[in-house]
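Input: a single structure, listed below in structure tokens.
Protein chains: 2
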Amino acid sequence: MTYCCAMRLQDGMVFISDTRTNAGVDHISVFRKLYTFGVSNERFIVIQTSGNLATTQAVIGHLQNQLELKLEPNLYSLNTMFEVAELVGHTLRKVIADVTSDTVEQSNYFCSLLVGGQIGSAEMQLYNIYPQGNFIAATPDTPFFQIGESKYGKPILDRALKYDMPLHDALRCSLISFDSTLRSNVSVGMPLDALVYQKDTLRVPVGKRIYEEDSYFSVISKQWSETLKRGLQTMPEPTEDYFN
Amino acid sequence: MTYCCAMRLQDGMVFISDTRTNAGVDHISVFRKLYTFGVSNERFIVIQTSGNLATTQAVIGHLQNQLELKLEPNLYSLNTMFEVAELVGHTLRKVIADVTSDTVEQSNYFCSLLVGGQIGSAEMQLYNIYPQGNFIAATPDTPFFQIGESKYGKPILDRALKYDMPLHDALRCSLISFDSTLRSNVSVGMPLDALVYQKDTLRVPVGKRIYEEDSYFSVISKQWSETLKRGLQTMPEPTEDYFN
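First to last, the sequence lines map onto chains L and G. The opening residue of the first sequence carries number 1 in the UniProt record's numbering; numbering runs sequentially from there. The opening residue of the second sequence carries number 1 in the UniProt record's numbering; numbering runs sequentially from there.
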């Protein structure tokens, strides 16, 4: 399985992906699911992937190949993030159709993608691209998308994430979302790839690979457990009618 | 959808079910999914249901009918909770097979059940009954089961629920698990049915129906949001390398 989360906020964007893939519980591997592209002072693009690994690698492969051979259109020739999302969606649809034209069988090769970034002076954009190649965009009302094993980590985002939140807070919020998911589902696993993009910088951040022994993540994880346990104990006692 | 949670702990058992059913988003209804059976000073049985509503109602209908007509075996004639789980499982399998013998089509009529209780001086038991009629039992290592939309509410249980926890704490923990689920999935809805059974009392608790305006649940829900938000703010600031 996979868990990827991306946020488009007032001050920038936050992206985190896990790296665990599995073809059965006895075939676990580490594969990067967060890819960056960019041209300094011009454009910054992130793609996160979830689903069939051959499909996701083929999509990224085609996009990189276009850049390498300077085939048009490519991620660096397009003028807007909308066009980037369209290119990625078309590429995804084509990759799946190349494997099989049987639409029922195609679902075995499905993947979902998150595409975020900023080009020139235009606004940052974040798109959730479906296996069919169509997509939706994040907005201030719905500033985050998740793909893969999204449910365990959603409650904290639903409660705490706000569009006008500082990036530091949003990062902590998303790390907690990941910690909850890691604990509840072994098919989502460390290391994590995290990336914070500050609005209008138009540079590709190096990002951080978070390993199990990462001291900050360990502190967050431990302290959050304490917060929940203590929070639970400070809740008022249930009223008597709950015990009738 | 549905969310049901049941716990078998050192001091007793906690059961909570939602009541929302939907056949499409424009066809929402309220149906009870927590059923109690019992004979004072002899036995206490709870059944919680998730899945196809006609199937779950047929299972409960058959079990009630057996009691009414004193057909053997029935929930009050069996000697152990294991036998109760077997009867419920057989009944479930038969109800589904009565609709269709096509094993692929049968999945449209699937439901899952939680069966818990205590008979005489034997230990309390909690079983998770699969659509195929077979089942697993809760243990001190794994003291809770969930059926239906279980993922949003699982992180708090994974972190905080312990077998030797007082029932008051376990109840709070499960109410928070429900609150998280209600917020993240509109197909799980109020009112909730909650029941706390104290070990060896061998009486059927009245239980409590928790409506939207329930003052205790509202306090829990609001205070929990505050706990999370405040907890998030007191986390240490991310180290600089997260922003590279």
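Just so it is clear, CB atoms sit at the ideal spot from N, CA and C, and this is done for glycine as well. In this text, all values refer to a predicted model and were calculated from it rather than measured experimentally.
Neighbouring residues, chain L, relative to residue i (Cβ below 8 Å)
i, result
"Arg183/G", "Pro155, Asp158 and Arg159"
"Cys173/G", "Leu232"
"Ile129/G", "In chain order: nothing, as chain L lies at least about 23 Å away."
Collapsed DSSP secondary structure at residue i in the structure displayed
i, result
"Leu113/G", "strand"
"Thr49/G", "strand"
"Ala97/G", "helix"
"Phe31/G", "coil"
"Lys208/G", "strand"
"Leu195/G", "strand"
"Tyr242/G", "helix"
"Leu202/G", "coil"
"Ala6/L", "strand"
"Tyr163/G", "coil"
"Gly61/L", "helix"
"Leu126/G", "strand"
"Gly231/L", "helix"
"Asn134/L", "coil"
"Val104/G", "coil"
Under 7 Å by beta carbon: chain G residues contacting residue i
i, result
"Ser225/L", "Arg159"
Nearest-angstrom Cα separation, counted from residue j out to residue i
i, j, result
"Glu123/L", "Asp169/L", "21 Å"
"His27/L", "Ser17/L", "20 Å"
"Glu68/G", "Val188/G", "32 Å"
"Asn244/G", "Asn65/L", "27 Å"
"Leu228/G", "Thr227/L", "8 Å"
"Trp224/L", "Val186/L", "19 Å"
"Thr56/G", "Leu92/G", "8 Å"
"Ala194/L", "Lys208/L", "5 Å"
"Ala138/L", "Ala85/L", "12 Å"
"Arg183/L", "Asp158/G", "8 Å"
"Leu78/G", "Thr201/G", "19 Å"
"Arg237/L", "Leu175/G", "Note that residue 237/L is Glu in the sequence shown, not Arg. If you take the alpha carbons of Glu237/L and Leu175/G, they lie about 12 Å apart."
"Thr36/G", "Arg8/G", "16 Å"
"Glu149/L", "Thr181/L", "8 Å"
"Phe110/L", "Asn128/L", "14 Å"
"Glu213/G", "Pro191/L", "44 Å"
"Thr49/G", "Thr234/L", "32 Å"
"Ser107/L", "Leu232/G", "39 Å"
"Met81/L", "Phe135/L", "12 Å"
"Cys173/G", "Leu161/G", "7 Å"
"residue 268/L", "Phe144/G", "Since the first and last residues shown for chain L are 1 and 244, residue 268/L lies out of range."
"Ala23/L", "Thr2/L", "12 Å"
"Lys94/G", "Thr100/G", "10 Å"
"Ser29/L", "Asp164/G", "37 Å"
"Tyr76/L", "Gly38/L", "7 Å"
Residue i: contacting residues in chain L (beta-carbon distance under 9 Å)
i, result
"Phe144/G", "The contacting residues do not exist; Phe144/G stays about 13 Å from chain L at best."
Interface partners of residue i on chain L, CB under 7 Å
i, result
"Val219/G", "Pro236"
"Thr239/G", "Tyr216"
"Lys222/G", "Per Cβ cutoff of 7 Å: no residues; Lys222/G is ~11 Å from chain L at best."
Rounded Cβ spacing between residue i and residue j (contact assumed at less than 8 Å)
i, j, result
"Leu126/L", "Leu114/L", "7 Å"
"Gln118/G", "Arg43/G", "7 Å"
"Ile96/G", "Pro131/G", "7 Å"
"Lys33/G", "Cys5/G", "Contact flag wrong, Cβ pair sits at about 11 Å."
"Ser177/G", "Ile156/G", "5 Å"
"Tyr216/L", "Met13/L", "Not quite, the Cβ-Cβ distance comes to about 20 Å (not below 8 Å), so this is no contact."
"Val46/G", "Val88/G", "Incorrect: roughly 11 Å between the Cβ atoms, too far for contact."
"Tyr152/G", "Lys154/L", "6 Å"
"Leu53/L", "Thr21/L", "5 Å"
"residue 245/L", "Leu167/L", "Nothing about residue 245/L can be reported from this structure: the residues present for chain L run from 1 to 244 only."
"Ser40/G", "Arg203/G", "6 Å"
"Phe15/L", "Gly116/L", "7 Å"
Residues that residue i contacts on chain G, provided the C-beta gap is smaller than 8 Å
i, result
"Asn244/L", "Pro205, Val206, Gly207 and Lys208"
"Val196/L", "Tyr242 and Phe243"
"Asp169/L", "Leu232 and Gln233"
"Ser229/L", "The amino acid occupying residue 229/L in the given sequence is Lys; Ser does not appear at that position. Within 8 Å Cβ-Cβ: Arg159 and Ala160."
Chain-ordered chain G contacts of residue i [CB-CB under 9 Å]
i, result
"Tyr152/L", "Lys151, Tyr152, Lys154, Pro155 and Asp158"
>> Against chain G, which members of the region 8-42 of chain L pass a CB distance test of less than 9 Å?
In response: none
>> Tell me which residues of the region 59-77 of chain L have at least one Cβ-Cβ distance to chain G shorter than 9 Å, keeping chain order.
In response: Here the close residues number zero.
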